[in-house]
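In short: position in the sequence shown from 1, add 86, done, that's my numbering.
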Amino acid sequence: MAIEIRSFSKTAGFTAPLAYTVVPKTLVAYDAAGSAHPLHRCGTAGSRPSSTASPTRATGAAAIYTPEGREQTRALADFYLGNARLIRETLTQLGFPCVGGDNAPYIWANVGRDSWEFFDLLLSKAGVVCTPGAGFGRCGQGHVRISAFNSRANVETALDRVAAALK
Numbered sequence: 087m088a089i090e091i092r093s094f095s096k097t098a099g100f101t102a103p104l105a106y107t108v109v110p111k112t113l114v115a116y117d118a119a120g121s122a123h124p125l126h127r128c129g130t131a132g133s134r135p136s137s138t139a140s141p142t143r144a145t146g147a148a149a150i151y152t153p154e155g156r157e158q159t160r161a162l163a164d165f166y167l168g169n170a171r172l173i174r175e176t177l178t179q180l181g182f183p184c185v186g187g188d189n190a191p192y193i194w195a196n197v198g199r200d201s202w203e204f205f206d207l208l209l210s211k212a213g214v215v216c217t218p219g220a221g222f223g224r225c226g227q228g229h230v231r232i233s234a235f236n237s238r239a240n241v242e243t244a245l246d247r248v249a250a251a252l253k
């Protein structure tokens, strides 16, 4: 038995939240007293966007399932994965072992030092923001996560700045 959670933010680049959850009716959770409660009745916890109206987001979600929408979504994913490949290759050339960027738009770099220290270095010397791995828990310490969600020109500029700041 499984719960399926589907978000459109990564697949189609939605910036306002839109997601759904499929919960089997037979799936239950037990409270401290041992009473069973069906999970499909729990509803969803989410946020209300302050930007795009729900009908517009729903129309956009439906559009990604059309042949044209699938083609555009694949092209967008390929574009961001191209950015990810460039980021990973550049950081590897700078001496940082990296993982990721193959099937997701995030690259994890082992920076060999405190992740907050490295974050501060990139921010102050290169004007580039990354995510300190320590924010994901103790196993993230010593790493940073870099997103490929940007234009190619901005990614290239950021990588040039990072290279200059680390020399």
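A virtual CB, placed ideally from N, CA and C, is assigned to each residue, including glycine.
For residue 247 versus residue 226, is the C-beta spacing smaller than 9 Å? no
Mark residue 240 as exposed unless 16 or more other C-beta atoms lie within 10 angstroms of its C-beta, in which case mark it buried. exposed
Excluding five sequence neighbours on each side, which residues of the same chain lie with their C-beta closer than 7 Å to the C-beta of residue 183? 196
As an exercise, report each continuous beta strand (DSSP E) stretch of at least 3 residues that is fully enclosed by the stretch 184 to 242, in chain order. 184 to 186, 192 to 196 and 229 to 233
On a Cα-Cα basis, can you pick out the residue from 146, 87 and 174 that is closest to residue 192? 174
Here's a check: name, in chain order, each residue in its chain whose Cβ is nearer than 7 Å to the Cβ of residue 229, leaving out the five neighbours to either side. 194, 195, 196, 197, 201 and 219
Taking the alpha carbon of residue 188 as the reference point, which residue from 163, 206 and 157 has its own alpha carbon closest? 163
Count the other CB atoms within 10 Å of the CB of residue 115; is the residue buried (16 or more) or exposed (fewer)? exposed
Nearest neighbour of residue 181, chosen from 252, 223 and 93 [CA to CA]: 252
So, with DSSP's three-state summary, where would you put residue 124? strand
Residue 176, buried or exposed, once every other Cβ within 10 Å from all chains shown has been counted against 16: buried
Alpha-carbon to alpha-carbon, residue 141 and residue 167: 29 Å
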